Every structure is written in structure tokens, then in C-alpha cells.
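K.L.:
Numbering (my numbering), first residue to last: 1 to 105.
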């Protein structure tokens, strides 16, 4: 999206509860922020047994974001739950990923 030189709005807040990691992502996940999303989800240190990725506050999600999400799903194979916003769900459905087991309703 064109922000006329402004940094796109993006934040990722991490919470750890034992071996469970939760990341709440807000704003826009696009080509300028998708790598930050992936890095946050796969940061070094003890590998979490399970990741909940809360994308409900996400307002924009593009192909770079899809790529980051697929890479996260591979990293957390069988240990990922994604809570999508309406916009994220729509993009995933259009891209053919709307029926992934990690995508919650």
C-alpha cells in the first residue's frame, strides 16, 4: 500500500506460556513487514511446542504475507493455529489456502 513515505503500521506482540507461543499481529502484513512476521514467529531460542498466530487485527495481507505464513506453517508443522481477520481469510481463500488445517474459523 502507498503510505507516501510513511512506515506501514505493523506490530507483533509475543506472549509465552510454558511451551506455547502466541503472537498477536496488528496492522498491515505486506512485502515490507512479512519478513518481520516470519522472524518473530521463528525467533531463535527454545522452539515452542505450539504457536497461535492471532491475525484478527490485521487490516491488509498480501502475497508476501501469504509466503511468510506458509513458511511459518512449515516451521510449526502440526503445531500452528491461525486466527484470521476477515481480510486475511478472504486473501487465503482466493489463494487456495482457505482449507488449511491450521486456519481456524
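Glycine included, every Cβ here is placed at the ideal spot set by N, Cα and C. Everything numeric in this text was worked out from a predicted model, so none of it was measured.
Select from 105, 53, 60 the residue whose C-alpha is nearest the C-alpha of residue 73.
P.N.:
Closest by alpha carbon: 53.
K.L.:
Our contact map puts residue 40 next to residue 23 with C-beta atoms below 8 Å; I'd like the distance itself, whole angstroms only.
P.N.:
Going by Cβ atoms, the distance from residue 40 to residue 23 rounds to 6 Å, so yes, they are a contact pair.
K.L.:
Please classify residue 84 as buried or exposed, where buried requires at least 16 neighbouring CB atoms within 10 angstroms.
P.N.:
Answer is buried; the Cβ neighbour count reaches 16.
K.L.:
Do you know offhand how far residue 70's Cα is from residue 17's?
P.N.:
The straight-line gap from Cα to Cα measures roughly 24 Å.
K.L.:
Between residue 98 and the rest of its own chain, which residues show a CB-CB distance below 8 Å, the 5 nearest in sequence each way excluded?
P.N.:
Excluding sequence neighbours, residue 98 sits near 89, 92.
K.L.:
With DSSP collapsed to three states, give me the class of residue 22.
P.N.:
Residue 22: strand per DSSP, three-state reduction.
K.L.:
Can you have a look at residue 9 and say buried or exposed, based on whether 16 or more other CB atoms are within 10 angstroms of its CB?
P.N.:
Exposed.
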